[in-house]
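Add 116 to a position in the sequence shown, counting from 1, and you land on the number used in this note's numbering.
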Amino acid sequence: ELLPLGELDALGHSEEAVEATKSQSKTVRNQKTKSCPSDSSGQAPVETEAHGEPSRTSENGSVPPPKAPGKRGRKPKTEMLLLKLSQDLECPTPEPICVQKMLGSSEAAEGLETPPSGRPKRRAAKVALLYLQELAEELTSVYQPPAPTEGAQEPEPELEHIQKKRRSRRRKEEETDSDDPARDADFVPSKEVLLQAEEEEGSDAPLSEVSEPELEALRGHGVKMSSAGRSKPQCRGLAPNGFHNSIMAPVEKCSSLTCSLRDQKYSQWEFPDWIPLAHKWTCLSESEAAPYLPTEEKSPLFSIQREGIEDDGVLYRVNRFNSLQPHEERLDVSFFVGGPVWAMEWCPSPEGSAASQYVALYCHRGMEETHSMAGLHGGPALLQLWGLGTLQQEQGSADKAGLAYAIAADHGCVWDMKFCPSGAWELPTTARKHPQMSRLGLLAVAFSDGKVVLYSLPHPGALQHSKRTQVKDGSFHKYVICKVQCIAMLQVGSIQAGNASECGQCFSLSWMPSKPHHHLAAGFYDGTVAVWNLLTKSLLQCVRQPDGSLKLYPFRCFLAHDHAVRSIEWCKADSNFLVTAGSDRKIKFWDLRRLYEPINSIKRFLSTEVAWLLPYNGVTVAQDNCYASYGLCGIHYIDAGYLGFKAYFVAPRKGTVWSISGSDWLNTVAAGDITGELVAAVLPDLAINPLNVKRSSDRRFPVYKADLLPCSPAGAEGGEQALPKTRLYSEMVTKSYIRFCDTDLRSFKNFPSREPMRRMHTQEVKAELSLDRLQLESLHKVRFSPNLDSHGWLVSGGQAGIVRAHCLVGLASGVGHQLLLERRARFSSLYGDKPGSPISAEHSALPAE
């Protein structure tokens, strides 16, 4: 039946564009066996009107009826009905101009254009081009080519030529991304190659006119665009430090991002009432300090072999609380703290202050000392504060590291410590009326008796000045070791309970990263996470003790794990989110506004520590190797669940990774394991799918490797077999020594072929663990400096009690250097003009840009 003419016109106008694009290719194929009206030249005449639409130029204005299509590709009934009605009413279907250019050589019999190669184009290419034409028409930004004339076939060879170049360039990129080690040599393009690349990019421009909404849609789906419409700029070539530019691009991005976010989240001054008081710091005599000191007075024998410098074979033995002179060229620092290091943290300082850098740490008293995780236990402990001098990327510190002072406590061993991120540091020359002292920082310490103790630390100069006036005889210890009355003591429970916490020992701490930093979270043995409000005035949460200190109770507690909470980290970008890792092998992401269930819970392996870098939606995780499957032990990046990414394998490790730390300034993580190797890895841009990152082995490198070697005449040749099979420190230290093999971190040029990299890859595949002896070379704690002035420095310590600090000079970027100069100028304008301040003198010695 025929429809009325008005309805037919409405249908024709609404469906005309769809018919012109979806069914044109099939209509043309159906015309192959029919006779097509043509002019005297044998070619179907096609004319264009002012708006680019083809006009009706056939004699009778009709199109021969198509054959009934087969089952495959059958048209819908509505399209068949419209086609039949248009034929009956002599309304031919308009034919788009671009279809002629899309048809291959199989339509040459119809007088259509044919590419010079004579090879028919693939059907997929036709469909893709038709789909792009539909998108362009819908977005009203279609590119209209000029109307073709008879014999005008120049655009077709140009299109075919461009497609050939694209295919050849795609093959070259695939060959470049190959994992074949033989193709890892550095590629230096010649001038001819660069000119050819510029010509190809210029020739692609007319064909890449795509609207912005379409580009955004393609970026959202992860489509890799052509040269004129890329979703991101391709980083080509090598950076000055030897790494590929694609590796260094996220480093520069994270440096500026970290600086801008700290301007929003950090504060210049917080907790104004918590100022250290001189009468609350009591210096101990030799006899009083003896129970708190580590038992070992001398370090094990060790040597340092630096890459590129001939080994002199000197063996060092350092006295307790002493250090070696920093190396003039490599800037590394080594000192002996007296026992195995299990807790360590940098003291934050304002950006651009050029102040001395301090590291707080704790070590066990004995080399063979062990502590049970179950139950509560007290005992003597010594917190040490070490001064490393004014560390800089260019010259390091000219003076040796020294013990600034130590705090004697009776709360058992220390499992974790954290400084207040900002607002707790003030100038060393701040004029304060006695007994107040200028404040260096606020330190929270997690003890094995289940308590979290908060200390207000003074500047070492202010403490020594106040104590000189109190000295009456020479009975004081040669180092400043003090008994300190804390600012506040945090414990789980309530005022009504009034007894010790039943949650067990506290293993991990995390300070709220955004101002006013008034929340502190802690994880306990029974899986409980407690959160305190440090500024609370509630009588149910804050009790003032007779000595003036505070006892704080948490305002929020929840059961996060079935076993001990091994690590806890706050999200630096949003303080509503928290991540915990427990001994139940689970990693859980929490939203503190809805704690009835975690955002995401992942059970894979036994995690030891997590690090949440600033710009990412997930955490890098260190793990114990007891539950890891073969080949998957090491460092992983795990997404929080919002993006749905799978875990990304950052670096493999053969032994247990005890500690991991991340640098927001360098977009880099570092980890120390039981084999004595300190490895750093530059992370890719994990805001995209990390599975697309190829050759992760090019992103990691060893900072140093500690080997335990026998002192026998066989030396290193005897290897592991010549070492004593004992867990007694006294026997190990007399028959072996530690050799530190340092990497030259000033440049990474030709890094894959250098000896430290070859050794690291060999150890990742063939390393064997010897668990029947004391792991004297094991590394237990690694920490990146959070301060901009020393953002390239990394400190590490382990079983031997030898703490080392290294500077990753090669990762310094131009953006970081520029930020440092700007912040120093701003800090000098704020504080440098004050009388008696050393900041102006320090700035005068800074190197020019």
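Quick reminder that beta carbons are idealized off the backbone N, C-alpha and C, glycines included.
Residues sharing a beta bridge with residue i, DSSP
{"i": "ARG843", "result": "The partner list for ARG843 (beta bridge, DSSP) is empty, contrary to what the question assumes."}
{"i": "PHE640", "result": "CYS622"}
{"i": "TRP458", "result": "Paired residues: none, contrary to the question."}
{"i": "ASN716", "result": "PHE705"}
{"i": "GLN661", "result": "None, per the DSSP bridge assignment."}
{"i": "GLN607", "result": "Bridge partners of GLN607: none, in fact."}
{"i": "CYS598", "result": "CYS399 and ILE523"}
{"i": "ARG920", "result": "SER450 and SER912"}
{"i": "ASN649", "result": "HIS635"}
{"i": "ALA738", "result": "GLU725 and ILE751"}
{"i": "ILE776", "result": "ALA787"}
{"i": "SER564", "result": "Note: SER564 sits in no beta bridge, so no partner."}
{"i": "HIS480", "result": "Beta-bridge pairing links HIS480 to no other residue."}
{"i": "ASP811", "result": "In the sequence under discussion, the amino acid at residue 811 is Arg, which differs from the Asp named in the question. DSSP output for ARG811 lists no bridge partner at all."}
{"i": "SER371", "result": "Partner(s): none; SER371 has no beta bridge."}
Chain-order list of residues whose beta-carbon lies under 6 Å from that of residue i (same chain, five-residue window excluded)
{"i": "PRO768", "result": "GLY750 and GLU880"}
{"i": "LEU651", "result": "HIS634"}
{"i": "ALA744", "result": "PHE721"}
{"i": "ASP823", "result": "ARG855"}
{"i": "VAL434", "result": "SER415 and PHE452"}
{"i": "ARG862", "result": "VAL925 and GLY926"}
{"i": "PHE864", "result": "ASN357, GLY358, PHE359 and GLY926"}
{"i": "VAL569", "result": "VAL561, CYS602 and MET605"}
{"i": "GLY620", "result": "PHE640, TYR641 and ASP642"}
{"i": "ALA459", "result": "TYR478, VAL530, ASP532 and MET533"}
{"i": "ILE420", "result": "PHE856"}
C-alpha distance - residue i paired with residue j, whole-angstrom precision
{"i": "VAL931", "j": "ARG920", "result": "27 Å"}
{"i": "ASP532", "j": "LEU946", "result": "34 Å"}
{"i": "LEU579", "j": "SER624", "result": "29 Å"}
{"i": "ILE425", "j": "VAL795", "result": "21 Å"}
{"i": "GLY484", "j": "PHE418", "result": "In the sequence on display, residue 484 carries Glu and not Gly. C-alpha separation (whole angstroms): 19 Å."}
{"i": "SER610", "j": "CYS673", "result": "11 Å"}
{"i": "ARG899", "j": "ALA244", "result": "52 Å"}
{"i": "MET873", "j": "CYS857", "result": "12 Å"}
{"i": "CYS658", "j": "ALA646", "result": "15 Å"}
{"i": "ILE804", "j": "ILE918", "result": "40 Å"}
{"i": "TRP706", "j": "LEU636", "result": "15 Å"}
{"i": "ASP814", "j": "ARG875", "result": "14 Å"}
{"i": "CYS463", "j": "GLY503", "result": "10 Å"}
{"i": "ARG709", "j": "SER683", "result": "21 Å"}
{"i": "VAL457", "j": "ASN361", "result": "37 Å"}
{"i": "VAL681", "j": "ALA916", "result": "26 Å"}
{"i": "LYS653", "j": "ALA763", "result": "43 Å"}
{"i": "ASP302", "j": "MET553", "result": "In this predicted model, ASP302 has a pLDDT of only 43, less than 50, meaning its place in the structure is not dependable enough to derive any value."}
{"i": "TRP390", "j": "PRO714", "result": "35 Å"}
{"i": "LYS599", "j": "ALA520", "result": "15 Å"}
{"i": "VAL608", "j": "THR724", "result": "23 Å"}
Own chain residues within Cβ distance below 7 Å of residue i, not counting five before or after
{"i": "SER717", "result": "LYS702 and LYS704"}
{"i": "TRP728", "result": "GLU685, CYS687, LYS688, VAL695 and VAL735"}
{"i": "LEU559", "result": "ALA476, MET533, PHE535, TYR571 and LEU573"}
{"i": "PHE761", "result": "ASP755, ASN805 and PRO806"}
Environment of residue i [buried if 16+ CB atoms lie within 10 Å]
{"i": "CYS622", "result": "buried"}
{"i": "GLN500", "result": "buried"}
{"i": "ASP663", "result": "exposed"}
{"i": "CYS479", "result": "buried"}
{"i": "VAL530", "result": "buried"}
{"i": "VAL766", "result": "buried"}
{"i": "PRO551", "result": "exposed"}
{"i": "GLN739", "result": "buried"}
8 Å Cβ cutoff, residue i in contact with chain D
{"i": "GLU404", "result": "Looking at the structure shown, chain D is missing, and only one protein chain is on hand."}
Cβ neighbours of residue i in the same chain (closer than 8 Å, five flanking residues each side left out)
{"i": "PRO496", "result": "PRO407, TYR408, ARG481, ALA524, ALA525 and ASP526"}
{"i": "SER372", "result": "VAL931 and LEU935"}
{"i": "GLY539", "result": "TYR382, SER383, GLN384, TRP385, GLU386, PHE387, LYS631, PRO632 and HIS633"}
{"i": "SER901", "result": "TRP462, GLN473, LEU507, SER779, HIS907, GLY908, TRP909, LEU910 and VAL911"}
To test your reading of the DSSP string, which unbroken beta strand (DSSP E) runs of 3 or more residues are found completely within the region 867 to 908? Given a length threshold of 3 residues, each whole run of the beta strand (DSSP E) inside the region 867 to 908 is given here in chain order: 895 to 900.
In chain order, which continuous runs of the beta strand (DSSP E) of length 3 or greater are located wholly inside the region 398 to 447? Listed in chain order, the complete beta strand (DSSP E) runs (minimum 3 residues) inside the region 398 to 447 are 418 to 422.
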